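Enquirer:
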Amino acid sequence: MQPLNVPDGTPLKLRMAAKPGSALVDTDAVALPAMRATGGVFGVMYMVDEGDHYTSINQSELEAVGMTLDSLHRLALNNLKKLVQGDQPGLKFQPGPLLKMFMMGGDFESSLVLVDELWDVSVPHETPGDLNVCIAARDICIYCSAQSTQGLARLREIAKDLEQRSPQNFISTQILRRARGRWSIVGSATSP
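In this note's numbering, each residue carries its 1-based index in the sequence shown increased by 94.
#1: Report the rounded CA-to-CA distance for ALA230 versus PHE264, giving the unit in angstroms.
#2: In angstroms, rounded to a whole number, what distance separates the CA positions of LEU192 and ASN226?
#3: Looking at VAL138: is its Cβ nearer than 8 angstroms to the Cβ of LEU270?
#4: Using DSSP bridges, identify the partner residues of VAL178.
#5: Run through the region 175-234 for me and flag every whole beta strand (DSSP E) of 3 or more residues, listed as ranges in chain order.
#6: Counting only the same chain and skipping the five closest in sequence on each side, list residues whose C-beta sits under 8 angstroms from that of LEU208.
#7: Indicate the three-state DSSP secondary structure (helix, strand or coil) for GLY275 in the structure shown.
#8: Does ALA123 pass the burial test, meaning 16 or more other C-beta atoms within 10 Å, or should it be called exposed?
#9: Since ASP314 sits in a beta bridge, which residues does DSSP pair it with?
#10: I'd like to check one pair, LEU177 with LEU166: are the Cβ atoms closer than 8 angstroms?
#11: If you draw a straight line from the C-alpha of THR267 to the C-alpha of MET141, how long is it?
#12: Between which two residues does the alpha helix (DSSP H) carrying THR243 extend?
Below is the structure:
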């Protein structure tokens, strides 16, 4: 994860390699997921819950229903907020002496970084000041005070461990910082 350095709402183009070490494939002609820059550091891809699996939404599907990437983003955030506030799965908070964790059914925890109200209104009551956050997998949203060097070290350990143990669910070893209502990147599990 690198800072995107593009304005929020900028459409992103997915680049992928067929296997590690191979050349990147240009995906213009392929119907790949619609993606958008958000929060200065996130590339957001949108999924539809099909009951037993998720499918991605591509640009041609958006156009077919008359939606823009921005309107899809607003709809997705509203749906996520309903999940947070609802009973199923609903947001659960797990406090700890060093780290704190959000739980929400195992599919949407990493997406919680997109809910500004959670980080700017709710979390400061429990953990005032800047925060370090780990979203190493889709079911992980762990954080601590940015002043805790032990907490940061533990977040890095968790990210590195998940990268090795669960590569199929892995997102990133990057540790995020939430300060003054904005996200930035602190560093990875391997490089502070």
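Backbone N, C-alpha and C define an ideal beta-carbon position, used for all residues, glycine too. Since the structure is predicted, the reported quantities are computational estimates derived from the model, not experimental observations.
Expert: Taking the structure as given:
#1: 6 angstroms
#2: 12 angstroms
#3: no
#4: VAL178 is not bridged to any residue.
#5: 186-188, 194-197 and 225-228
#6: THR132, GLY133, PHE136, VAL138, LEU171 and LEU174
#7: coil
#8: Confidence at ALA123 is low in this model, with a pLDDT of 42, below 50, so its placement is unreliable and the value that follows should be read with caution. It is exposed - the Cβ of ALA123 has fewer than 16 other Cβ atoms within 10 Å.
#9: The chain is shown from 95 up to 286; residue 314 falls before or after that span and cannot be answered.
#10: no
#11: 23 angstroms
#12: 243-259
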